[in-house]
Structures are given as C-alpha cells and as structure tokens.
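In terms of this note's numbering, the sequence shown opens at residue 534 and continues consecutively.
C-beta atoms are modelled at their ideal positions from N, C-alpha and C, and glycine is treated no differently.
First up is the structure itself, then whatever we jot down about it.
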Amino acid sequence: MDLEDPASVRWRGGDSGTWPDRAWRRHTVLVLMTTGMLASVILNIVIGWPDAIGALTFAQRISGSLILVSGVVQGVAVLAVLDYEGTRRYKSSGAVVLLGVVIAAATEGLLLFVWFDEKEYTPYLLVFMPLLGWSLWALWLLVRERAWQGIPIPRTFAAGVVVTALMTAVSLAYSTMYQPAAAPMHFILKAEFGEARADHRNPLVHVPLKLYMKNAGGIPVYIINDDYAVYGRVSEYSDGGDRLEGWRRSLDEGNEGEAERYVGQLEFTTISSGQFYRPGDSLDVGQEYSMERVFQIPVGAEFDTVNVFLQITYMRKDRGKLDVAKFRRAHRSWDKGEGRYYCLPRKCGEELYYHGRVRHNNNFVNVTRKPRYVTAVWSPRERPLYSISSFHFKGMVDRAKERRDVDRYGASTTYADIEVPVATLLGEATG
Numbered sequence: 534m535d536l537e538d539p540a541s542v543r544w545r546g547g548d549s550g551t552w553p554d555r556a557w558r559r560h561t562v563l564v565l566m567t568t569g570m571l572a573s574v575i576l577n578i579v580i581g582w583p584d585a586i587g588a589l590t591f592a593q594r595i596s597g598s599l600i601l602v603s604g605v606v607q608g609v610a611v612l613a614v615l616d617y618e619g620t621r622r623y624k625s626s627g628a629v630v631l632l633g634v635v636i637a638a639a640t641e642g643l644l645l646f647v648w649f650d651e652k653e654y655t656p657y658l659l660v661f662m663p664l665l666g667w668s669l670w671a672l673w674l675l676v677r678e679r680a681w682q683g684i685p686i687p688r689t690f691a692a693g694v695v696v697t698a699l700m701t702a703v704s705l706a707y708s709t710m711y712q713p714a715a716a717p718m719h720f721i722l723k724a725e726f727g728e729a730r731a732d733h734r735n736p737l738v739h740v741p742l743k744l745y746m747k748n749a750g751g752i753p754v755y756i757i758n759d760d761y762a763v764y765g766r767v768s769e770y771s772d773g774g775d776r777l778e779g780w781r782r783s784l785d786e787g788n789e790g791e792a793e794r795y796v797g798q799l800e801f802t803t804i805s806s807g808q809f810y811r812p813g814d815s816l817d818v819g820q821e822y823s824m825e826r827v828f829q830i831p832v833g834a835e836f837d838t839v840n841v842f843l844q845i846t847y848m849r850k851d852r853g854k855l856d857v858a859k860f861r862r863a864h865r866s867w868d869k870g871e872g873r874y875y876c877l878p879r880k881c882g883e884e885l886y887y888h889g890r891v892r893h894n895n896n897f898v899n900v901t902r903k904p905r906y907v908t909a910v911w912s913p914r915e916r917p918l919y920s921i922s923s924f925h926f927k928g929m930v931d932r933a934k935e936r937r938d939v940d941r942y943g944a945s946t947t948y949a950d951i952e953v954p955v956a957t958l959l960g961e962a963t964g
C-alpha cells in the first residue's frame with residue numbers, strides 16, 4: 534500500500550512522517566510507573582534485608598531472601614518501564630513490567646492482610662497503602678494493553694506470573710503467621726541448702742544456698758526477669774480438729790490450697806531476696822548457670838520452716854530479637870533523673886524497671902505493627918512482673934493485646950521451691 538496515495542489513505546493532523554503520539558500522557562505514565570516501581574523496590578529491601586541476614590530461623594531467612602529477590606526483579610522492571618513506555622526496542626519489556634507490578638500487588642496485598650490482624654497505625658501504612666492502589670492501577674493498564682503479547686506463548690507466561698505470585702504470597706503469609714512451636718521448652722531449676730554454720734560472735738546461723746538452672750529444651754531464650762526469695766514461716770499450733778476448716782482457712786490466707794492439720798495462722802517473713810540472673814542475658818540450649826548465696830537466721834528465731842522460691846521469666850529467641858543493650862540497664866523508679874521511668878515512692882515504692890524494644894523475627898510483622906517493648910519490674914518486696922506490649926511508659930496497657938503479644942513472642946515463667954525445717958538447720962549448726 535502506498536501511504537502517500539490519497540485514494541488509499543486519508544491522513545488527519547499530519548502525514549506519513551508524523552507519529553500519532555500523546556507525549557504528555559506517555560510521559561505521565563512513565564513517571565508514575567517508574568516512581569511506583571522504585572518505591573516498591575525500596576520497600577522490599579527495607580522489609581527483606583533484616584530477615585535475610587539476621588533472622589534466627591532458616592525459614593525466616595528464606596522468607597527474607599525471597600522478598601529481596603522480588604525486589605531485584607522489580608529493579609529490572611524499572612529499566613523495562615523505560616523501554617516499554619519509550620521506544621519498545623525489546624519485545625519482552627512489557628512482560629517484565631507486568632511481572633514487577635504483579636509482585637508489587639502481591640506484596641502490598643500481603644502487608645495489608647497482616648496489618649488487618651491488629652489495625653494499628655504505623656508510618657509504613659502511608660507507604661504500602663498508596664503502593665497497593667498504584668499496583669492495581671498499573672496492573673489494570675498493562676492488562677488493557679496486553680503487555681505480555683510481545684513474547685512467545687503469552688498466555689502461558691501470564692498464567693505463570695499469576696500462579697507464581699500467588700504461591701509466593703501464600704508462602705510468605707504462612708511464614709508470617711506461623712509461630713514455631715515444635716521444639717519443647719524445658720528448664721531445670723534447683724534450690725539446695727548447704728550445711729548450716731553457727732556464728733561464734735553473734736547469735737546467728739549462716740545457711741549456704743545454691744541456686745541452679747539449665748536450659749534443657751531445644752530453643753535458646755532471653756531471661757527477661759527472675760527472682761529468688763527466702764521466707765521464714767511462722768505458724769500456731771492447732772489441735773487438729775476440723776481439717777476442712779483448716780483447708781478453708783489456708784485458702785483464705787493465700788496458701789494455694791495447702792492444708793495443715795496441726796498448724797494454722799501461717800505467716801511468712803522475707804529473710805533474703807535478690808536477682809538470680811542478669812535480665813536480658815540469653816540462656817542457650819544446654820547452658821547451665823548456678824549461684825551461691827549465704828543468708829542468716831537468728832538462733833532463737835520463731836520460724837518453723839524456711840522456704841526458698843525461685844522463678845525465671847523467659848522469651849523465646851526464635852520469636853523475636855530483644856534490644857539487649859537498652860534492656861539490661863536498670864531504671865530506678867524513685868530517681869527523678871530517670872525521666873519517664875520516675876514514679877512517686879508512695880505509689881510505686883522502690884522498683885527497678887528494665888525496658889527495651891523487641892523486634893519480631895518476621896519483619897512483615899514489624900512494619901505492620903506499632904513498636905513492641907519488653908518491660909520487667911523487680912522489687913525486693915513484690916513478685917517480679919513483666920509485659921510485652923506497645924507500652925513505652927506513657928498511656929495505658931491494652932491487656933487483650935498484651936496477652937496476644939506475650940503469646941506471640943513465647944514468653945512464660947517457670948518456678949521451683951524448696952522447704953526445710955528450721956530445727957534441721959539449727960541442729961546442723963549446733964551439732
């Protein structure tokens with residue numbers, strides 16, 4: 534056909550030497566496509582890099598590496614956009630752009646899915662929500678233009694892209710929501726009394742105490758709080774009449790259902806207390822730790838038994854990474870120089886606070902949640918407390934979310950206790 538023959542071809546707005554191009558539209562699409570793809574590349578690197586190089590489990594490293602690989606593919610798609618929206622020198626450029634957009638849509642959709650679990654504000658929300666809208670717009674545009682037509686077997690390619698994206702999204706969703714729990718948690722805690730010795734200058738008996746723990750399970754942990762306390766028990770003699778009444782009285786006195794037939798009116802006095810392990814330190818699989826202390830009781834003490842109570846609170850290292858450097862620092866509640874940690878002594882007494890950021894081992898969770906913190910409270914007079922939540926010593930704690938976070942990070946407490954008659958200790962000292 535002769536393009537210059539007016540009988541065959543009628544030209545409007547030009548002739549055969551004029552290309553019917555809408556430059557402003559093409560340039561706008563080029564800028565939007567390139568900007569959105571670059572933003573998606575950066576987001577994938579931010580999400581995937583910490584997991585790929587620092588996750589404690591192999592599965593999470595694979596998950597992070599997949600996200601990085603998808604970011605690399607999108608980086609190639611950025612270059613393909615320049616060709617596809619320009620001269621289209623390469624037939625496969627449209628297909629590569631389509632692949633990058635599908636990856637972006639799958640990634641942002643997964644982020645939105647994970648975000649819906651808690652629906653908390655995070656700065657990343659201002660990134661992946663607009664990117665999700667961008668990816669849907671870009672996908673609609675590329676499908677309308679049939680961007681895959683430039684390669685052999687276009688339908689097979691399009692189906693392969695969709696299936697691959699779905700499988701990757703399902704895999705990442707599973708690794709994000711899955712909580713490793715196969716390996717059992719098991720600890721050995723012991724408290725043992727040594728041979729008591731009399732003090733030759735004072736009416737005291739020195740009692741050695743050995744505390745011991747071992748991680749006998751299959752998962753390393755952080756010790757986030759711990760405590761040991763030595764109590765002297767005083768009781769009154771009973772004629773052993775009504776055992777049921779004694780049991781009820783024991784419950785009323787907070788003794789967890791223990792019933793004594795011949796003693797009642799139980800009272801406990803703290804003799805010694807302290808911290809057993811350094812908060813924030815880890816206890817690896819098979820690792821042991823022991824500590825020896827000496828406490829004193831008066832020779833004429835009215836105690837009938839001495840009790841030792843030992844407890845540790847731990848967090849699984851395969852669930853999260855604790856900012857140990859900040860968590861190890863003890864903040865004194867009564868010190869005004871501690872800033873946000875200060876609390877009026879008449880309200881809080883004398884407490885030590887340990888507080889540090891914890892990051893989930895799947896960075897998808899971190900970017901779709903508020904920051905989470907581990908808080909531990911220790912006092913010589915009270916049982917130790919702990920919390921994993923968004924609480925940063927400001928505002929209130931959402932107890933429902935706190936329980937979910939404690940479960941998500943695998944935090945729990947284990948105990949051990951021992952009781953010995955004071956008569957035995959005094960007999961060893963004077964024998």
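Extent of the continuous alpha helix (DSSP H) to which residue i belongs
{"i": "K880", "result": "878–881"}
{"i": "F924", "result": "No alpha helix (DSSP H) contains F924, which DSSP labels as neither H nor E."}
{"i": "V841", "result": "Not the alpha helix (DSSP H): V841 falls in the beta strand (DSSP E), residues 838–849."}
{"i": "R932", "result": "932–941"}
{"i": "K859", "result": "857–860"}
N- and C-terminal bounds of the beta strand (DSSP E) containing residue i
{"i": "I600", "result": "That residue, I600, is in no beta strand (DSSP E); its alpha helix (DSSP H) goes 591–617."}
{"i": "K723", "result": "720–726"}
{"i": "V818", "result": "Where V818 is concerned, there is no enclosing beta strand (DSSP E), given that its DSSP letter is neither H nor E."}
{"i": "Y875", "result": "First-last for Y875: undefined, no H or E at that position."}
{"i": "A834", "result": "First-last for A834: undefined, no H or E at that position."}
{"i": "Y623", "result": "First-last for Y623: undefined, no H or E at that position."}
{"i": "Y948", "result": "944–954"}
Proximity of residue i and residue j at Cβ, strictly below 9 Å
{"i": "Y886", "j": "R865", "result": "yes"}
{"i": "V767", "j": "L799", "result": "yes"}
{"i": "A731", "j": "V841", "result": "no"}
{"i": "A671", "j": "G819", "result": "no"}
{"i": "G765", "j": "F801", "result": "yes"}
{"i": "T655", "j": "S573", "result": "no"}
{"i": "Y617", "j": "V629", "result": "yes"}
{"i": "F836", "j": "H888", "result": "no"}
{"i": "I752", "j": "D851", "result": "yes"}
{"i": "I580", "j": "F828", "result": "no"}
{"i": "A638", "j": "L674", "result": "no"}
{"i": "V614", "j": "S603", "result": "no"}
{"i": "Q808", "j": "D856", "result": "no"}
{"i": "K747", "j": "G727", "result": "no"}
{"i": "V832", "j": "I804", "result": "no"}
{"i": "R734", "j": "R811", "result": "no"}
{"i": "A492", "j": "T846", "result": "Summary: the structure shown does not reach residue 492, with the chain confined to residues 534 through 964, and so no result is reported for it."}
{"i": "V611", "j": "G633", "result": "yes"}
{"i": "G619", "j": "L563", "result": "yes"}
One or two residues paired with residue i in a DSSP bridge
{"i": "P741", "result": "V827"}
{"i": "V910", "result": "Y886, L918"}
{"i": "H893", "result": "G853"}
{"i": "R865", "result": "L885"}
{"i": "Y754", "result": "One point to set straight first is that residue 754 is Val, not Tyr, in the sequence displayed. Its beta-bridge partners are L816, R849."}
{"i": "F801", "result": "R766"}
{"i": "Y761", "result": "G807, L843"}
{"i": "K747", "result": "I721, E821"}
{"i": "A1029", "result": "With the chain covering 534 to 964 only, the question about residue 1029 has no answer from this structure."}
{"i": "R905", "result": "V891"}
Distance between beta carbons of residue j and residue i, contact taken as under 8 Å
{"i": "S922", "j": "V910", "result": "Contact doesn't hold; Cβ gap of about 13 Å is too wide."}
{"i": "I830", "j": "V953", "result": "I830 to V953, Cβ: 11 Å. No contact."}
{"i": "T901", "j": "L644", "result": "6 Å"}
{"i": "Y942", "j": "M848", "result": "5 Å"}
{"i": "S912", "j": "E883", "result": "6 Å"}
{"i": "R890", "j": "P904", "result": "6 Å"}
{"i": "V844", "j": "Y745", "result": "The question names Val, but residue 844 in the sequence shown is Gln. The pair is not a contact, with the Cβ atoms about 14 Å apart (cut-off 8 Å)."}
{"i": "Q593", "j": "N895", "result": "6 Å"}
{"i": "A680", "j": "F720", "result": "So it is not a contact: roughly 58 Å between Cβ atoms."}
{"i": "L576", "j": "F646", "result": "Not really, about 16 Å apart at Cβ, beyond 8 Å."}
{"i": "V740", "j": "L958", "result": "6 Å"}
Cβ-heavy atom distance, residue i to the ligand FMN, below 8 Å
{"i": "A592", "result": "This structure lacks the ligand FMN, and indeed carries no ligand of any kind."}
Item checked: In chain order, each beta strand (DSSP E) run of at least 3 residues that lies wholly inside the region 638–692 -> none
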